[in-house]
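Numbers -23 to -1, 1 to 119, taken from mature numbering (1 follows the signal peptide of the UniProt record, and there is no 0), label the letters of the sequence shown in order. As structure tokens, the structure follows; a few thoughts come after it.
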Amino acid sequence: MASTAALATVLLLTACMFGCSLAATVVVGGSEGWRSGYNYTDWALKHGPFYINDTLVFKNGYTSNQSQPHSVYLLPNLYSYVQCDFSQAQLLSTPADVEAAGFSYVLTQWRPQYFASGEGNGTDCKDGLMKFFAIPLPRWFN
């Protein structure tokens, strides 16, 4: 019985290590980057699913003389996401961070995570554009 438990533990640890090694780096918006006027909800639906330990990279989609860079907020719940209510949101990255080298966020939890830009009082978010959600799955769902 003890050897069965030990074998199960070794197999579980091996599966976890293999799953962690498959983490992907995903540029949000792909070649469009993180910019105004792009529908990130559609992008996320087409480029998902996302997995635990995947890294989302937010980069400015335009050169600085064409468009202002945008912040990245993590909204606390579905209601905040739908309403574009930033009152309890966590600022993950300032526009300057996104414009420079980009900003990376690792999906570490198996729960919905809601992202949006708060520039212009959340205008792009309210227009249904600069927001998306990810529900990262454990790698064994892959």
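Even glycine gets a Cβ: it sits at the ideal position worked out from N, Cα and C.
Of the listed residues the options, nearest to residue i (C-alpha basis)
| i | options | result |
| --- | --- | --- |
| GLY95 | GLY7, GLN86, GLY105, SER8 | GLY105 |
| residue 120 | PHE35, HIS24, LEU52 | In this structure the chain extends from -23 to 119, so residue 120 is not present and cannot be described. |
| ASP101 | LYS23, VAL49, ILE29 | VAL49 |
| PRO113 | LEU84, THR71, ASN16, ASN98 | LEU84 |
| TYR17 | GLY97, TRP117, ALA93, PRO115 | ALA93 |
| ALA(-1) | ASN98, TYR28, ALA73, GLY79 | TYR28 |
| GLN46 | TRP117, ARG116, MET107 | This sequence places Pro at residue 46; Gln is not what is there. Nearest of TRP117, ARG116, MET107 to PRO46, Cα basis: MET107. |
| GLY99 | LEU68, ARG116, PRO115, VAL3 | LEU68 |
| ASN37 | GLY97, PRO115, ASP74 | ASP74 |
| PRO115 | GLY7, ASP19, ASP31 | ASP31 |
| residue 122 | TRP117, PHE35, LYS103, GLY97 | Within the shown structure, residues of the chain are numbered from -23 to 119, placing residue 122 beyond reach of any answer. |
| PRO72 | GLY97, GLN86, ASN54 | GLY97 |
| PHE35 | GLN86, TRP117, THR2 | THR2 |
| TRP117 | ASN54, ASP19, PRO26 | PRO26 |
7 angstroms Cβ cutoff met for residue i and residue j
| i | j | result |
| --- | --- | --- |
| PHE110 | TYR82 | no |
| VAL5 | LEU22 | no |
| SER64 | PHE80 | no |
Residues that residue i bridges to, as DSSP identifies them
| i | result |
| --- | --- |
| LEU52 | TYR91 |
| ASN37 | TRP11 |
| LYS108 | ALA93 |
| TYR58 | Answer is none; TYR58 lacks a bridge partner. |
| VAL3 | LEU33 |
| LEU114 | TYR28 |
Any 3 or more C-beta pairs closer than 8 angstroms across the stretch 5 to 20 and the stretch 53 to 68: No: the two stretches stay apart, fewer than three of their Cβ pairs being nearer than 8 angstroms.
Ordered list of beta strand (DSSP E) runs contained in the stretch 61 to 102, each at least 3 residues: You should have 67 to 70, 80 to 83, 90 to 93.
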